[in-house]
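Undergrad:
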Amino acid sequence: MIWRAAFTWLLVTLFLPLGVTAETIRVATFNAELSRKGPGLLLKDLRRDNEQVSAVIATIAAADADILALQGLDWDHENTALRTLQSGIATRGVEYPYFFTLKPNAGVASGLDLDGDGRMGEPEDAWGWGRFTGQGGIALLSKFPIAAAQAQDFTQMRWQDLPDHRMPLTKEGQLYPDAVTAAQLRLSSSNHWAVPVILPDGKPLWILSFHATPPVFDGPEDRNGRRNADEILLWVHVLNGLLGDRMPEPFVLMGDANNDPDRGEGHKDAIHRLLNDPHLQMVEPSDSQGAHTVNWERTGPMRVDYVLPSKGMDVIDSGILRSKGSRHGLVWVDIRR
Numbered sequence: 001m002i003w004r005a006a007f008t009w010l011l012v013t014l015f016l017p018l019g020v021t022a023e024t025i026r027v028a029t030f031n032a033e034l035s036r037k038g039p040g041l042l043l044k045d046l047r048r049d050n051e052q053v054s055a056v057i058a059t060i061a062a063a064d065a066d067i068l069a070l071q072g073l074d075w076d077h078e079n080t081a082l083r084t085l086q087s088g089i090a091t092r093g094v095e096y097p098y099f100f101t102l103k104p105n106a107g108v109a110s111g112l113d114l115d116g117d118g119r120m121g122e123p124e125d126a127w128g129w130g131r132f133t134g135q136g137g138i139a140l141l142s143k144f145p146i147a148a149a150q151a152q153d154f155t156q157m158r159w160q161d162l163p164d165h166r167m168p169l170t171k172e173g174q175l176y177p178d179a180v181t182a183a184q185l186r187l188s189s190s191n192h193w194a195v196p197v198i199l200p201d202g203k204p205l206w207i208l209s210f211h212a213t214p215p216v217f218d219g220p221e222d223r224n225g226r227r228n229a230d231e232i233l234l235w236v237h238v239l240n241g242l243l244g245d246r247m248p249e250p251f252v253l254m255g256d257a258n259n260d261p262d263r264g265e266g267h268k269d270a271i272h273r274l275l276n277d278p279h280l281q282m283v284e285p286s287d288s289q290g291a292h293t294v295n296w297e298r299t300g301p302m303r304v305d306y307v308l309p310s311k312g313m314d315v316i317d318s319g320i321l322r323s324k325g326s327r328h329g330l331v332w333v334d335i336r337r
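Structure follows, in structure tokens:
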């Protein structure tokens, strides 16, 4: 009988293991701006009653994302700051037992004069701008296990190895600041990595994350504008199989691109190519204030933080959670396979 079949199906559904049925997963990105001017200073703030830290933690707890990409978080060799942040979030009732982070290029001394000003050892001469190793790194927090051994890391990739790169040139049309130095430049200003998170059904969801350099604070050579564009386009090449094997689906690309599609500085064709890539869904979260994800005093509101699921995933909901601890909002998207 139909009613008996329906009743049987209902019982089976109720008692299926969690991973067998489709489950909604909340993924989010947040530039928490937890970066300080010296090593160890963030850890001190995390260990005491710091107003900004408390506000950031409150925002993270309120979002309650299953997988959270963080930018603007100082990295240290023992991951002490990240572990302390984990503990702080747990006191608000949200636990992230798993994390992933790698040493960024930010603040790592190159031993070269990267900006051609005749001096070495300055923040501009690090592989990525920074006063000390790890200033303003990125990290991933997850409620689900992370298969760290399978991660793909593009952090040390040389800029010249990117197909159709936009490396800056001197007035004479030579590589900036000179050919020998340019050949050693790394593309990523912080990190670019892809790491699989194992969902409750036992299948991986790949997280692609990065934090591109601001396309400003340079000279007529436009080295930061060009670098920002190529940091964005790196993912376009990855998605299309031009830097090794094509990224397995499903995946979510999320992070701070430091590039608004319509406003401000930056090569707009680069961010438009990413947002319109056929492998991605162009989700535009918003709240009552609009779709901007950051509000800088000099430039005003802009959309620079993105959560872009791969095609084939169902987008259930999305939004932006504003924070008193950061100029950036926490951008979240609810997805389902």
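With full-length UniProt numbering applied, the sequence shown covers 1 to 337.
Every residue gets a Cβ at the ideal spot worked out from N, C-alpha and C, and that includes glycine.
Go through its chain and collect everything with a Cβ distance to Leu16's Cβ below 6 Å, but skip five positions before and after it.
TA: The count along the sequence shown starts at 1 and reaches residue 16 at position 16. Because the pLDDT of Leu16 is 40, which lies under 50, any placement of that residue in the model is unreliable, and the number read from its coordinates should be weighed accordingly. There are no such residues.
Undergrad: Work out the CA separation of Ser189 and Ser35 for me, nearest whole Å.
TA: What you label residue 35 is simply residue 35 of the sequence shown in a count that begins at 1. What you label residue 189 is simply residue 189 of the sequence shown in a count that begins at 1. Spanning the two alpha carbons is a distance of roughly 15 Å.
Undergrad: Extract the residue ranges of the beta strand (DSSP E) inside the segment 81–169, only unbroken runs of 3 or more that lie entirely within it.
TA: Correct list: 98–100 and 137–142.
Undergrad: Buried or exposed for Ala147, going by 16 or more other Cβ atoms inside 10 Å?
TA: Position 147 of the sequence shown holds residue 147. By the neighbour-count rule (16 or more Cβ atoms within 10 Å), Ala147 is not buried but exposed.
Undergrad: Is it buried or exposed, Met282, if we count other Cβ atoms within 10 angstroms and call 16 or more buried?
TA: Counting from one through the sequence shown, the residue named residue 282 turns up at place 282. The residue is exposed, with fewer than 16 neighbouring Cβ atoms inside 10 Å.
Undergrad: Could you tell me the alpha carbon to alpha carbon distance between Ala58 and Trp206, rounded to whole angstroms?
TA: Locating residue 58 in the sequence shown gives position 58, where the first residue counts as 1. Locating residue 206 in the sequence shown gives position 206, where the first residue counts as 1. Distance between the alpha carbons of Ala58 and Trp206: 27 Å.
Undergrad: Could you check which residue in His165, His77 and Asp153 has the C-alpha nearest to that of Gly134?
TA: Taking the sequence shown and counting its residues from 1, one reaches residue 134 at position 134. Among His165, His77 and Asp153, the Cα nearest to that of Gly134 is on His77.
Undergrad: Let's test the definition: count the other Cβ atoms within 10 Å of the Cβ of Ile232 and tell me whether it reaches 16, buried, or not, exposed.
TA: Stepping through the sequence shown from its first residue, residue 232 is reached at position 232. Buried, since its Cβ has 16 or more Cβ neighbours within 10 Å.
Undergrad: Just to confirm my understanding: we take Trp296, look at its own chain, exclude 5 residues before and 5 after, and list those with CB closer than 8 Å. What are they?
TA: Counting from 1 along the sequence shown, the entry for residue 296 is found at position 296. Once the five neighbours on either side are set aside, the close Cβ partners of Trp296 are Met302 and Arg327.
Undergrad: Note down the Cα distance separating Ala139 from Ser209, rounded to an integer number of angstroms.
TA: As a working mapping, residue 139 is identified with position 139 in the sequence shown. As a working mapping, residue 209 is identified with position 209 in the sequence shown. Spanning the two alpha carbons is a distance of roughly 9 Å.
Undergrad: Within this structure, are the beta carbons of Pro168 and Asp113 separated by less than 8 Å?
TA: Locating residue 168 in the sequence shown gives position 168, counting from the first residue. Locating residue 113 in the sequence shown gives position 113, counting from the first residue. No.
Undergrad: Using three-state DSSP, classify Leu187 as helix, strand or coil.
TA: For the purposes of this step, residue 187 is identified with residue 187 of the sequence shown, where counting begins at 1. Here Leu187 sits in coil by DSSP.
Undergrad: State buried or exposed for Phe251, treating a residue as buried only when at least 16 other CB atoms are found within 10 Å of its CB.
TA: Working through the sequence shown from its first residue, we reach residue 251 at position 251. Answer is buried; the Cβ neighbour count reaches 16.
Undergrad: Which residues in the same chain have their Cβ closer than 6 Å to the Cβ of His211, if we skip the five residues on either side of it in sequence?
TA: The residue labelled residue 211 in the question sits at position 211 within the sequence shown. Contacts found: Gln71, Ile138, Ser190, Gly255 and Asp256.
Undergrad: To the nearest angstrom, report how far apart Pro196 and Asp66 are at their CA atoms.
TA: Within the sequence shown, residue 196 is the residue found at index 196, counting from 1. Within the sequence shown, residue 66 is the residue found at index 66, counting from 1. The alpha-carbon atoms of Pro196 and Asp66 are separated by roughly 14 Å.
Undergrad: Which runs of the beta strand (DSSP E) spanning at least 3 residues fall entirely within the segment 203–288, listed in chain order?
TA: DSSP runs (the beta strand (DSSP E)) wholly in the segment 203–288: 204–211 and 251–256.
Undergrad: From Asp277, Thr213, Pro200 and Asp218, pick the residue whose C-alpha is nearest to that of Val238; which is it?
TA: Residue mapping note: residue 238 aligns to position 238 of the sequence shown, counting from 1. If we check each option's Cα against that of Val238, Asp277 comes out closest.
Undergrad: Mind checking who Leu321 pairs with in its DSSP beta bridge?
TA: Position 321 of the sequence shown, counted from the first residue, corresponds to residue 321. According to DSSP, which records beta bridges pairwise, Leu321 is partnered with Leu330.
Undergrad: Quick one: residues in its chain with C-beta nearer than 6 Å to the C-beta of Leu11, no 5 flanking neighbours on either side, listed in chain order?
TA: As a working mapping, residue 11 is identified with position 11 in the sequence shown. Residue confidence for Leu11 is low, a pLDDT of 40 falling below 50, so the modelled location carries little weight; the figure read from the coordinates is stated next. Excluding positions up to five away in sequence, the list is empty.
Undergrad: Kindly indicate the opening and closing residues of the beta strand (DSSP E) around Thr59.
TA: Along the sequence shown, read from residue 1 onward, the residue named residue 59 stands at position 59. Here Thr59 belongs to no beta strand (DSSP E); instead the alpha helix (DSSP H) covers Glu51 to Ala63.
Undergrad: When you compare each of Trp129, Gly244, Met157 and Asp161 to Phe217 by their alpha carbons, which one comes out closest?
TA: The residue given as residue 217 occupies position 217 in the sequence shown. When each option's Cα is compared against that of Phe217, the closest is Trp129.
Undergrad: May I ask you to report which of helix, strand or coil DSSP gives Thr29?
TA: Taking the sequence shown and counting its residues from 1, the one referred to as residue 29 is at position 29. Strand at Thr29.
Undergrad: By Cβ distance, which residues of its chain are closer than 6 Å to Asp45, with the 5 residues on each side in sequence left out?
TA: Numbered from 1 along the sequence shown, position 45 holds the residue referred to as residue 45. Here the set comprises Val53.
Undergrad: From Leu18 to Ala55, what does the alpha carbon distance come to, in whole angstroms?
TA: By one-based count along the sequence shown, residue 18 stands at place 18. By one-based count along the sequence shown, residue 55 stands at place 55. Caution is warranted here: a pLDDT of 41 is assigned to Leu18, below 50, making its placement in the model unreliable, and the coordinate value is therefore given only provisionally. Approximately 33 Å between the Cα atoms of the pair.
Undergrad: Rounded to a whole number of angstroms, what is the C-alpha to C-alpha distance between Gly329 and His165?
TA: Here residue 329 refers to the residue found at position 329 of the sequence shown. Here residue 165 refers to the residue found at position 165 of the sequence shown. Computed Cα separation, rounded: 31 Å.
Undergrad: For Ile335, write down the residues that DSSP places opposite it in a beta bridge.
TA: Counting from 1 along the sequence shown, the entry for residue 335 is found at position 335. Ile25 and Val315.
Undergrad: So which of Val304, Pro220, Glu95 and Gly244 has the shortest CA-CA distance to Ala63?
TA: What you label residue 63 is simply residue 63 of the sequence shown in a count that begins at 1. Cα-wise, what sits closest to Ala63 is Glu95.
Undergrad: Around the Cβ of Pro220, are there at least 16 other Cβ atoms within 10 angstroms (buried) or fewer (exposed)?
TA: Numbered from its first residue, the sequence shown carries residue 220 at position 220. Pro220 should be labelled exposed.
Undergrad: DSSP three-state label for Asp305, please.
TA: Mapped onto the sequence shown, residue 305 falls at position 305. In this structure, Asp305 counts as strand in the three-state DSSP scheme.
Undergrad: According to DSSP, is Ala69 helix, strand or coil?
TA: Counted from its first residue, the sequence shown places residue 69 at position 69. Strand, per DSSP.
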